[in-house]
Amino acid sequence: MMPTELDLSKDKKSLTVRWPDGKATAISASYLRQHCNSASAKRARLDEIDTILMPELTINDIRAIGRYAVNLVFSDGHDRGIYPWAYLRDLGEKSAIGN
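Under my numbering, the first residue of the sequence shown carries the number 730, and numbering increases by one thereafter.
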């Protein structure tokens with residue numbers, strides 16, 4: 730399911746995703762970065778290496794990847810993760826601020 734809207738907060742510290750079923754989830758930039766699906770991020774999690782995040786981590790850009798995902802660019806320079814819609818919905822439901 731493709732979202733109807735992606736809304737980056739003014740401070741760029743959270744992304745609100747609105748879905749066709751009316752549900753909206755707000756996900757913090759740090760949560761999205763910690764759960765990045767890039768090969769290097771997955772490897773770090775498998776090796777149990779904690780990702781040290783900048784205290785003021787923000788989302789600097791949102792890039793469409795066809796009709797199935799987005800690529801997020803973070804203020805720490807990380808830009809390798811692709812977030813398919815189903816994964817983004819799952820993260821929103823699991824995140825501390827997602828409702």
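In this text, a Cβ means the ideal position worked out from N, Cα and C, and glycines have one as well. Just so we're clear, the structure is a prediction, and the values are computed from it rather than from any experiment.
- Message: Let me check understanding here. Comparing Cα to Cα, which of Ala753, Asp736, Asn800, Pro784 lies closest to serine 759?
- Response: As a first step, residue 759 is located in the sequence shown; it is residue number 30 there, counting from the start. Of the listed residues, the one whose Cα sits closest to serine 759 is Pro784.
- Message: Buried or exposed, going by whether 16 or more other CB atoms sit within 10 Å of the CB of tyrosine 797?
- Response: As a first step, residue 797 must be located in the sequence shown, where it is residue number 68. With fewer than 16 Cβ atoms within 10 Å of its Cβ, tyrosine 797 is classed as exposed.
- Message: Could you give the first and the last residue of the continuous alpha helix (DSSP H) run that contains arginine 792?
- Response: Residue numbering aside, residue 792 sits at position 63 when the sequence shown is read from its first letter. Not the alpha helix (DSSP H): arginine 792 falls in the beta strand (DSSP E), residues 788-794.
- isoleucine 756, buried or exposed, once every other Cβ within 10 Å from all chains shown has been counted against 16: As a first step, residue 756 is located in the sequence shown; it is residue number 27 there, counting from the start. Burial call: buried.
- List the residues that DSSP assigns as beta-bridge partners of arginine 747. Within the sequence shown, numbered from 1, the residue matching residue 747 stands at position 18. Glu734, Ala753, per the DSSP bridge assignment.
- Can you grab the Cα-Cα spacing for the pair asparagine 828 / glycine 751, in whole Å? Taking the sequence shown and counting its residues from 1, the one referred to as residue 828 is at position 99. Taking the sequence shown and counting its residues from 1, the one referred to as residue 751 is at position 22. Caution is warranted here: a pLDDT of 43 is assigned to asparagine 828, below 50, making its placement in the model unreliable, and the coordinate value is therefore given only provisionally. Rounded to whole angstroms, asparagine 828 to glycine 751 spans 12 Å at the Cα level.
- Using three-state DSSP, classify tyrosine 812 as helix, strand or coil. Within the sequence shown, numbered from 1, the residue matching residue 812 stands at position 83. Three-state DSSP puts tyrosine 812 in a strand.
- Of the listed residues Leu737, Ile791, Tyr816, nearest to histidine 807 (C-alpha basis): Working through the sequence shown from its first residue, we reach residue 807 at position 78. Of the listed residues, the one whose Cα sits closest to histidine 807 is Ile791.
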